[in-house]
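Residue numbers (this note's numbering): 1057 to 1133.
All residues carry an ideal CB built from backbone N, CA and C; glycine is no exception.
None of these values were measured; they are calculated from a predicted model.
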Amino acid sequence: MERNFIAEEIRKGDITQIDFENGQGIIIDENGQDIHFQLGDVDDQITLNSKITFEIELHERGLMAVNVKLEREEVKV
């Protein structure tokens, strides 16, 4: 399946909802926009309010977050 990425940029946000029964959740991004995601697109163990990074993909139902990962602290040397 070809992926339809909206932008080649990594976005940041917080997990606001997780529905384990249906395998999906909602992220609020830095612009205050709610973006849905599938738990199968999450690479890390997440909880409510987890700070995450993700990419945006266009689906028939609208924007979806993919490649969802916990935000990593940058280590300065």
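{"Item": "Quick one, which of Leu1119, Glu1113, Phe1093 has its alpha-carbon nearest Phe1076's?", "Value": "Phe1093"}
{"Item": "Relative to the alpha-carbon of Ile1083, which residue among Gly1118, Asp1099, Arg1117, Leu1104 has its alpha-carbon at the smallest distance?", "Value": "Leu1104"}
{"Item": "For Leu1122, collect the residues of the same chain with a Cβ closer than 6 Å to its Cβ; drop the 5 residues on either side in sequence, then sort them by chain order.", "Value": "What sits at residue 1122 in the sequence shown is Val, not Leu. Excluding residues within five positions, the ones whose Cβ falls inside 6 Å are Asp1097, Glu1111, Glu1113."}
{"Item": "Rounded to the nearest angstrom, how far is the Cβ of Ile1108 from that of Gly1069, given a contact under 8 Å?", "Value": "6 Å"}
{"Item": "Could you give the DSSP three-state label for Asp1163: helix, strand or coil?", "Value": "Residue 1163 falls outside the range modelled here, since the chain spans only 1057 to 1133, and no answer is possible."}
{"Item": "Which same chain residues end up closer than 6 Å to Glu1086 when comparing Cβ atoms and leaving out the 5 residues on each side of it in sequence?", "Value": "Lys1068"}
{"Item": "How close, in whole Å, do the beta carbons of Leu1119 and Ser1106 come, if the pair is a contact with beta carbons under 8 Å?", "Value": "About 19 Å separates the two Cβ atoms, so there is no contact after all."}
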